[in-house]
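Just below is one structure, and these are the notes that go with it.
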Amino acid sequence: MTNTQVTLVQIDNYGPWTVTPEPRREADLQTMQSRLYADISQFVGNRGGYVFFSRFDNMIAVTNGLSMADHELLQESVNNRYPVTLSLGVATGTSPVQALADATTLVQEAGSAQDKNRRECLEGRTIETAHQTDDDVQIAHFDVINATGNYTDELNAFDTFIEIEQGYAELMRHMRTAHESLSFFVGGDNIIVSCPNLTEGDYEDAIHHVEDAVDVELQVGVGRGENAHDAGFAAKHALEICRVDGTRVEVDW
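At position 180 of the sequence shown the residue is numbered 206 (the numbering used here), and the sequence of numbers has no breaks.
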């Protein structure tokens, strides 16, 4: 049984800040967002977690293994080095979608995303070390079959992007509605999904659904672990078996 710990990372009062005292240059905002994401990703990644940029002003992290003290340290680090602060909601559950919903509610109840009086709220709970298991996190790593040959070397860069994004969007919707999973595009033709306790057949159904809906062929490796890094690394190894053997679904457990 999976038990995923999810953290919602939300920049405090970000919208008003971007136009105060006057609208800021878009290039400066994009640079700050990307640097902030990189720093948060490194902080969480060094502790075995994964962070996904989502909309940049909101980031979603799988944080199994991180304590509330770790979350406080993240807030302090960002506050010391950036002109913005972070509010964090932390929740756990057998379904990543439900854990994120609970984490979101915690942040929303602390104040609006554009409430200038809400700063660095930290709400929720983490999984106690004694209760952690090797099956807590299930990660699936999808990619597009022969993306280079079918798209990158055949189409212009933007049309390739459209094709890859169509596959991602359809997979994201299907995994959310059918399997209570959270899917994130992570560059190239790669999609990482935080999943509950799914079966090999569930992944086969997802691949066939995307192919039927948008004509994008996917393959996937799946792993389990105590944290996102362990599960994701197992998923990467399983995906390599797909690439070598020409299979569509490989699981490592």
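Yeah, the Cβ is synthetic: ideal placement off N, Cα and C, and Gly gets one too.
What did DSSP end up calling residue i once you bin it into helix, strand or coil?
i: ASP169; result: strand
i: GLN158; result: coil
i: GLN56; result: helix
i: ARG144; result: coil
i: GLY247; result: strand
i: THR270; result: Note that residue 270 is Val in the sequence shown here, rather than Thr. In the structure shown, VAL270 sits in a helix (DSSP, three-state: H, G or I).
i: PHE46; result: Looking at the sequence shown, residue 46 is not Phe but Thr. Note: THR46 maps to coil in three-state DSSP.
i: LEU34; result: strand
i: GLU206; result: coil
i: GLU276; result: strand
Could you work out which residue in the options is closest to residue i when comparing CA atoms only?
i: THR30; options: ILE190, ILE218, ILE153 and HIS263; result: ILE153
i: ASN105; options: ASN143, ASP38, ASN223 and GLY75; result: ASP38
i: ASP83; options: LEU114, VAL133 and VAL35; result: VAL35
i: LEU197; options: VAL170, THR118 and MET58; result: VAL170
i: THR155; options: ALA53, GLU98, ALA136 and LEU92; result: LEU92
i: MET201; options: GLU189, HIS167, SER67 and ALA183; result: HIS167
i: THR28; options: ASP128, GLU266 and GLN158; result: GLN158
i: GLU252; options: PHE259, VAL163 and LEU100; result: VAL163
i: ILE66; options: GLU226, MET85, ASP185 and ALA127; result: MET85
Hey, how far is the Cα of residue i from the Cα of residue j?
i: THR14; j: GLN140; result: Since the first residue of the chain shown is 27 and the last is 279, residue 14 is not available in this structure.
i: GLU230; j: PRO47; result: 52 Å
i: THR44; j: VAL270; result: 47 Å
i: GLN228; j: HIS263; result: For the record, residue 228 in the displayed sequence is Asp; it is not Gln. Looking at the two C-alpha atoms, the distance is approximately 19 Å.
i: ASN176; j: VAL110; result: 42 Å
i: ILE233; j: CYS147; result: 39 Å
i: ASN223; j: ARG50; result: 44 Å
i: TRP279; j: SER209; result: 21 Å
i: LEU244; j: ASN143; result: 45 Å
i: ASP241; j: HIS235; result: 9 Å
i: VAL246; j: ALA195; result: 16 Å
i: ALA260; j: LEU55; result: 36 Å
i: GLU180; j: GLY41; result: 40 Å
Look at residue i and residue j and say whether their C-beta atoms are less than 8 Å apart.
i: VAL116; j: GLY150; result: yes
i: THR33; j: THR120; result: no
i: SER113; j: ALA87; result: no
i: ALA254; j: TYR76; result: yes
i: GLY258; j: ILE218; result: yes
i: SER103; j: PHE78; result: no
Quiz prompt | alpha helix (DSSP H) runs wholly inside the region 67-150, at least 4 long, in chain order | solution = Within the region 67-150, the alpha helix (DSSP H) runs of at least 4 residues that lie entirely inside it are, in chain order, 94-107 and 122-136.
Quiz item: Going along the chain, which unbroken runs of the beta strand (DSSP E) with 3 or more residues stay wholly within the region 209-253?
Solution: 216-221 and 244-251
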